[in-house]
Ligand SMILES: [Fe+2]
Ligand SMILES: [Fe+2]
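In the numbering used here, the protein residues as written are 66 to 347.
What follows is the structure, given as C-alpha cells:
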C-alpha cells in the first residue's frame, strides 16, 4: 500500500481537492468548541447564504422529521442540537462537491446513506445514530467525484473497465491512477478536518487495514456493508460494477447476514425519499 504522503505528492497537480468554504470551516470549528453556544453557531451558519439555504431545506425535508416547519437557521440549530447540525453542515458541503458529479454517483451516495440509516437500527451496528450513519454513507465515495471532475480521461477509462464486470472500481483505479477513490476521499476528509472516525471509515471502506483504530475499523466495515446493500438494491455508483463480498468487512461489521434481505427490501422501497434528497442537492 502506498503511504499517504506519496499519494499526496502523486496527486499534487493532478487532482485539486475542493476546499471547505471559510464559513463552513469556521462553523465546524465552533461545533468543536465547548464554549460556543448554539445561538453563536446558528449565527455563523446564517452568515453564509448558500449554507443556510441548503441547511434549511435539509432541516425541513422528511429526513429530519420535524413536526413544525423551521424558518430560521438559528431556530433549526437550537431544535436539532450540535450533533445533528454538524452532520447537516457536512452534508450541505458535500452537496456542493457533488454538484458536478455524475447522477449515478449521487444516487449511490444517497442510497448508501439511506442504507446506513436503515442498518443503524440493526443489532451489532457500529453506528446507531441514523443521521450520523447517513452522513457516513453519503461521504464514502466522494473520492470518485473528485476523480471524475479532475481526471475525466482516466475516469472514462475506469468506467469502461468497471463496465466489463471483472474487477471492482477500486482495483481498476489502482491500475489506472496508482491510488483509489477511498484514499482520495480520506485525504479530502483530512483536508476538511472531519472527525478521524469518518476519515478512517472513508479511507478504509474497501480495505480495513487503512483504519487507525478498532472503532474506525468497525465503522469502515459498517459502511462497507451499506455499500453492498446499495448495490443489491440497484443503486450502483457505476453501471455494471462487479460486486464482490469482502469476508473481512462482513466479519468486522458484526451485522447479521440474516438481516440483510429486509434491509435491501427497505432500501428498494425508499426510492421516493432518495429522490427527494437528491432534489435537495440541485
Ligand atoms: Fe467505494
Ligand atoms: Fe460505494
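Cβ coordinates follow ideal geometry from the N, Cα and C atoms, glycine included.
Under 8 angstroms: does the beta carbon of residue i sit that close to some heavy atom of ligand 1?
| i | result |
| --- | --- |
| residue 270 | yes |
| residue 12 | In the structure displayed, the chain extends from 66 to 347; residue 12 sits before or after that span and is not available. |
| residue 247 | yes |
| residue 205 | yes |
| residue 221 | no |
| residue 348 | No statement about residue 348 is possible, as the shown extent of the chain runs from 66 to 347 and does not include it. |
| residue 108 | no |
| residue 134 | no |
| residue 256 | no |
Taking a contact to mean a Cβ-Cβ separation below 9 angstroms, would you say residue i touches residue j in this structure?
| i | j | result |
| --- | --- | --- |
| residue 166 | residue 213 | yes |
| residue 308 | residue 180 | no |
| residue 162 | residue 207 | yes |
| residue 280 | residue 190 | no |
| residue 223 | residue 241 | yes |
| residue 135 | residue 144 | yes |
| residue 195 | residue 186 | yes |
| residue 275 | residue 247 | yes |
| residue 142 | residue 103 | yes |
| residue 188 | residue 321 | yes |
| residue 273 | residue 310 | no |
| residue 298 | residue 329 | yes |
| residue 198 | residue 287 | yes |
| residue 202 | residue 113 | no |
| residue 341 | residue 126 | yes |
How about residue i: is its Cβ closer than 8 angstroms to a heavy atom in ligand 2?
| i | result |
| --- | --- |
| residue 302 | yes |
| residue 295 | yes |
| residue 173 | yes |
| residue 194 | no |
Suppose the cutoff is 7 angstroms on Cβ atoms and the five residues either side in sequence are ignored; what does the same chain contact list for residue i look like?
| i | result |
| --- | --- |
| residue 227 | 234, 237, 303, 305, 306 |
| residue 138 | 107, 110, 111, 117, 120, 121 |
| residue 262 | 280, 281, 284 |
| residue 313 | 273 |
Within a Cβ cutoff of 6 angstroms, which residues of the same chain sit near residue i, ignoring the five residues on either side of it in sequence?
| i | result |
| --- | --- |
| residue 170 | 209, 210, 302 |
| residue 249 | 208, 211 |
| residue 69 | Interpretation of residue 69 is limited by its pLDDT of 46, a score under 50 that renders its predicted location unreliable; the figure taken from the coordinates is listed afterwards. Here the set comprises nothing. |
| residue 259 | none |
| residue 193 | 185 |
Suppose the cutoff is 8 angstroms on Cβ atoms and the five residues either side in sequence are ignored; what does the same chain contact list for residue i look like?
| i | result |
| --- | --- |
| residue 256 | 82, 84, 85 |
| residue 132 | none |
| residue 152 | 196, 197, 199, 200 |
With a cut-off of 8 angstroms on the beta carbons, I'd call residue i and residue j a contact; round off their distance for me.
| i | j | result |
| --- | --- | --- |
| residue 182 | residue 300 | The pair is not a contact, with the Cβ atoms about 14 angstroms apart (cut-off 8 angstroms). |
| residue 147 | residue 96 | 6 angstroms |
| residue 285 | residue 265 | 6 angstroms |
| residue 33 | residue 339 | Outside the shown range of the chain (66 to 347) lies residue 33, about which nothing can therefore be said. |
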